[in-house]
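Peer 1: There's a structure below that I have some questions on.
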Amino acid sequence: MTYLTRIAVALLLIIAIPACTSDDGATPVTPVPTGTVMVTLLPTSALVAPGGIGSVGLSLTRGGGFAGAVQLAASGVPAGVTVTFGSNSLPDGQFSTSVNIAVAGTVAASNTPVAITITATGVGINATTVTLSFRTA
Numbered sequence: 001m002t003y004l005t006r007i008a009v010a011l012l013l014i015i016a017i018p019a020c021t022s023d024d025g026a027t028p029v030t031p032v033p034t035g036t037v038m039v040t041l042l043p044t045s046a047l048v049a050p051g052g053i054g055s056v057g058l059s060l061t062r063g064g065g066f067a068g069a070v071q072l073a074a075s076g077v078p079a080g081v082t083v084t085f086g087s088n089s090l091p092d093g094q095f096s097t098s099v100n101i102a103v104a105g106t107v108a109a110s111n112t113p114v115a116i117t118i119t120a121t122g123v124g125i126n127a128t129t130v131t132l133s134f135r136t137a
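Under the working numbering, the first residue of the sequence shown is numbered 1, with each subsequent residue one higher.
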């Protein structure tokens, strides 16, 4: 090997070896566990007469290290029907509430079920939904 070849190989190694290392000086990032929430309705359906009020129980299970507050909201609620929660925000340590369904007296009785979606959200968790099947008597 000639003198110039040795110098070229040495320069190449000086440049190539540091490029192969993975230490960029940054602190390794530890993944944050994703919390989970499971919502259960008991019962899963409600039958409420026009002008009446019905209620079902809502149970919440936190998992994945999640211990924060969970907010509840209802969507898909038909005209003349109001859905409220005993508590629409469940702080850590609270695991249940009621889902109250009030039907105006002007709503016609129907055996056709309507799906009301209940969504649970919180900081650091993916939103989860559960469906309440509802009909008027």
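Ideal Cβ positions, reconstructed from N, Cα and C, are used throughout, including at glycine. The structure presented is a predicted model; accordingly, all values stated were derived computationally and were not measured.
Below 8 Å CB to CB, which residues in the same chain sit around Gly-105 once its five sequence neighbours on both sides are set aside?
Peer 2: For the purposes of this step, residue 105 is taken as residue 105 along the sequence shown, with counting starting at 1. Correct list, in chain order: Pro-50, Gly-51.
Peer 1: Using a Cβ-Cβ cut-off of 7 Å (strictly less than) and excluding sequence neighbours within five positions of Pro-43, which residues of its own chain qualify?
Peer 2: As a first step, residue 43 must be located in the sequence shown, where it is residue number 43. So the list reads Val-56, once near-sequence residues are dropped.
Peer 1: Let me make sure I understand the geometry here. Which of Thr-119, Asn-126, Ala-109, Thr-128 has the alpha-carbon closest to that of Leu-47?
Peer 2: Taking the sequence shown and counting its residues from 1, one reaches residue 47 at position 47. Leu-47 has its Cα closest to that of Ala-109, out of Thr-119, Asn-126, Ala-109, Thr-128.
Peer 1: Assign Gly-63 to one of two classes, buried (16 or more other C-beta atoms within 10 Å of its C-beta) or exposed (fewer than that).
Peer 2: Numbered from its first residue, the sequence shown carries residue 63 at position 63. Its Cβ having fewer than 16 others within 10 Å, Gly-63 is exposed.
Peer 1: Measuring straight from C-alpha to C-alpha, what distance separates Ser-98 and Pro-28?
Peer 2: Mapped onto the sequence shown, residue 98 falls at position 98. Mapped onto the sequence shown, residue 28 falls at position 28. Computed Cα separation, rounded: 44 Å.
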